[in-house]
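In the numbering used here, the protein residues as written are 195 to 283. Ideal placement from N, C-alpha and C gives every residue a C-beta, glycine not left out. Owing to the predicted nature of the structure, the values given are computational and were not obtained by experimental measurement.
#1: Using the C-alpha atoms, what's the distance from residue 232 back to residue 223?
#2: Find out if the Cβ-Cβ distance for the pair residue 251, residue 238 is shorter than 7 Å.
#3: Would you check if the distance between the CB atom of residue 179 and the CB atom of residue 269 is smaller than 7 Å?
#4: Considering only residues of the same chain and omitting the five flanking positions on each side of residue 273, which have a CB-CB separation below 7 Å?
#5: Excluding five sequence neighbours on each side, which residues of the same chain lie with their C-beta closer than 7 Å to the C-beta of residue 276?
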């Protein structure tokens, strides 16, 4: 069971706003750790409260917010941003 990564339009726009060097690091991390992985939960942390059901991945000072759909084997990226304002989605 290997998971695929899918970006929402909002996540793509947020990623495009990040400077090139950080964007390259983030995409490399996603490719290395999440694309075709068998257990995406081992790299992240489940969010709680009103964000229950979402997962957070840390890449330096940036955070990736996603949902994991086990039925379809996809990781849906919702937001990619600096840690200060990533939870405003």
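On the basis of the supplied data:
#1: Their backbone Cα atoms lie some 15 Å apart in a straight line.
#2: In this structure, residue 238 lies closer than 7 Å to residue 251 by Cβ.
#3: Residue 179 falls outside the range modelled here, since the chain spans only 195 to 283, and no answer is possible.
#4: Result list for residue 273: 204, 205, 208, 259, 280, 283, in chain order.
#5: Excluding positions up to five away in sequence, the list reads 255, 256.
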